[in-house]
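Undergrad: So that we are looking at the same thing, I have put the structure below in structure tokens.
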Amino acid sequence: MSSFDPVDAVDTRIDPQHDLENAPRPAGPTFARLGLPQPLVTALERRGIHSPFAIQATVLPDALAGRDVLGKAATGSGKTLAFGLPMLARMGGTARRGPRTPRALVLVPTRELAQQVSDNLAPLGQATGVQFATVYGGAPMYRQIQQLRRGVDVVVATPGRLQDLISQGEASLADVEVSVVDEADFMSDLGFLPVVQELLDQTRPDAQRLLFSATLDGEVDTLVRRYLKDPARHEVKRAGDDAPPAEHLAYSIAFRDKVPLTQELAARPGRTIVFARTQLGVDRLTENLQAVGIKAEAIHGGLPQSARRRALEAFTDARSPVLVATDVAARGIHVDDVSLVLHYDPPADHKTYLHRSGRTARAGAAGVVVSLLLPDQVGQAKRRFRQAKVDPQVTRVRPGDAPIAELVASGVPVEPVERPARESRRPHGGPGGRRPRRDGDRPRRPYGEGERGRRDGERPRREGERPRRPSGERDRSRGPGERGGRFDRPASARD
């Protein structure tokens, strides 16, 4: 069993929008020497991945040997491949896929993380014939049910949606051989751990369990003691953790100055994440920023997944350098070069403050964290700062004051990246999803045009048919026994 000795690693967190090969890999032991099957090694090399990161190098031998693993690793340490590669190696060795009965389970707290895990691992799974399904709220349940009915090897899921599908009889965890719990500390913060325990109880008692968390106290420790048997323990410290921490600033402001100050700071060059407490607050603040010409996008749990993905892509590519987010949605934001984090609404506790603030000063880069405090929020904020072990001086400011102007001037612009247009997913590739025309086909009319005198949705009249009456006009020629409307029946039938 390895001890919790931090080792250096490079921040490897990859957004769902970026390919794995875009990140440089450090020199070190190879995946083949660690015991990874050759098909997976070849698949990694094709994506430009030749050497493992620190957490991958320490976790892979134990995980490939079938041991339970407890990983203490912060976001950005490369743990997706650390638990994903052993899982793929085990699933690919025995091809056995049944409807509604996956053989591996990955539980994550948010839909963004579920999609990110799938985006990173599903292409590698193709090398060994392992199929993935993502299950999370905010997406059509029918499509997820169809995937499960066809049969998949690995389900990457948020706890709530997976529990719903199990209760409907559309999924079963009885055959799960490998179960992964990612970001268990955030699961605990969101109150998901009781559901996680219910799900783990439904997996095989002898299933291999891999648990990763940034902290191992409280409910997370209970989860470890209950489900992990003699786990191999590993901790990885990222290279960026030794860099100078972010600069923390706090400003006491009047309520009337809150939006104008936010607009000044959001106009600062560079990427900025603004945190608000509620979904409605996020939407209103985004509209205020857009009204003064600031390119800002909103992301929160009330938006459909497609809108959240578009917002995150625009922020990642710097086409909209300002992202306004709630705490829950922000858990899926893993973008480097965020130069400013702005607490528009104070967080609920010091853990949330540290998590929000951790979106900047990543991988050794500099960053600034600013808190906007109303007079009655200053005392509680100071207690929160002490718990978070930061000590910003609270300064009284107004829009246009020198500290704000200096902070705005210190920003570094980022160049927007235009994302290539996605190919159409319509079947057959024809216009509107129709098949290509063949010889002998009648020419198609433009959409919306029909035959003369024909109402929308009606079939053409056939030869010998009676002319149709206008809609709503009753047919007095029908007898009592013929089909008709309410007024076509005899009086006795209407009473």
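Following our numbering from start to finish, the sequence shown increments by one per residue and tops out at 547.
No residue lacks a Cβ here, since even glycine has one placed at the ideal position from N, Cα and C.
Remember, predicted model here, so these are calculated numbers, not experimental data.
If you measure between the beta carbons of V121 and P257, is that distance less than 8 Å?
TA: no
Undergrad: Are the CB atoms of A226 and Q196 nearer to each other than 8 Å?
TA: no
Undergrad: For a test of the three-state rule: what should DSSP assign to H402, helix, strand or coil?
TA: helix
Undergrad: On the three-state DSSP scale, how would you describe R436?
TA: helix
Undergrad: Quick check on DSSP: helix, strand or coil for Q429?
TA: Collapsing the DSSP output to three states places Q429 in a helix.
Undergrad: Does the ligand NAP have a heavy atom nearer than 7 Å to the CB of G181?
TA: As far as ligands go, the structure on display features none, and thus does not contain the ligand NAP.
Undergrad: Between which two residues does the beta strand (DSSP E) holding V111 run?
TA: From DSSP, V111 is part of no beta strand (DSSP E) but of the alpha helix (DSSP H) over 106-116.
Undergrad: Residues in its own chain within less than 6 Å of L173 by CB, not counting five upstream and five downstream?
TA: G136
Undergrad: Going straight from the alpha carbon of Q342 to that of G333, what length do you get?
TA: 14 Å
Undergrad: From this set, G243, Q445, V469, which residue's C-alpha is nearest L424's C-alpha?
TA: The residue from G243, Q445, V469 with its alpha-carbon nearest to that of L424 is Q445.
Undergrad: When the Cα of A461 is compared with those of A302, A209, S391, which residue comes out closest?
TA: S391
Undergrad: Alpha carbons only, please: which of V247, F307, R360 is nearest the one belonging to P427?
TA: When each option's Cα is compared against that of P427, the closest is F307.
Undergrad: Since Q249 is in the alpha helix (DSSP H), which residue starts that stretch and which ends it?
TA: Unbroken alpha helix (DSSP H) run through Q249: 245-253.
Undergrad: Taking the alpha carbon of T330 as the reference point, which residue from A359, E299, A377 has its own alpha carbon closest?
TA: A377
Undergrad: Please determine, among A125, L86, G100, A95, the residue with the shortest C-alpha to C-alpha distance to R115.
TA: Note that residue 115 is Ala in the sequence shown here, rather than Arg. For A115, the nearest C-alpha among the options comes from L86.
Undergrad: Reducing DSSP to helix, strand and coil, say where H407 ends up.
TA: H407 falls in the helix class under three-state DSSP.
Undergrad: Under the three-state reduction of DSSP, which class applies to T314: helix, strand or coil?
TA: helix
Undergrad: Please classify Y303: does DSSP put it in a helix, a strand, or coil?
TA: strand
Undergrad: Three or more C-beta pairs closer than 8 Å, one from the segment 233-252 and one from the segment 156-167: is that the case here?
TA: Taking 8 Å as the limit for Cβ pairs, the verdict is that the segment 156-167 does touch the segment 233-252.
Undergrad: For a test of the three-state rule: what should DSSP assign to T564, helix, strand or coil?
TA: What is shown of the chain runs 53 to 547, which leaves residue 564 out entirely.
Undergrad: Given this structure, state the Cα-to-Cα distance separating V228 from G130, to the nearest angstrom.
TA: 24 Å
Undergrad: Write down the C-beta distance between V387 and T368 rounded to the nearest angstrom, noting that I regard them as a contact closer than 8 Å.
TA: 5 Å
Undergrad: Do the segment 228-243 and the segment 184-204 make contact, defined as three or more Cβ pairs closer than 8 Å?
TA: The count of Cβ pairs closer than 8 Å, one atom from the segment 228-243 and one from the segment 184-204, stays below three, leaving the stretches out of contact.
Undergrad: Taking the C-alpha atoms as reference points, what is the distance between L375 and M193?
TA: 28 Å
Undergrad: Let me confirm a value: E222 is counted as buried when at least 16 other C-beta atoms fall within 10 Å, else exposed. Which label applies?
TA: Under this definition E222 is a buried residue.
Undergrad: For the beta strand (DSSP E) that contains T447, what are its first and last residues?
TA: Unbroken beta strand (DSSP E) run through T447: 446-448.
Undergrad: Are the beta-carbon atoms belonging to V182 and L214 less than 8 Å from one another?
TA: no
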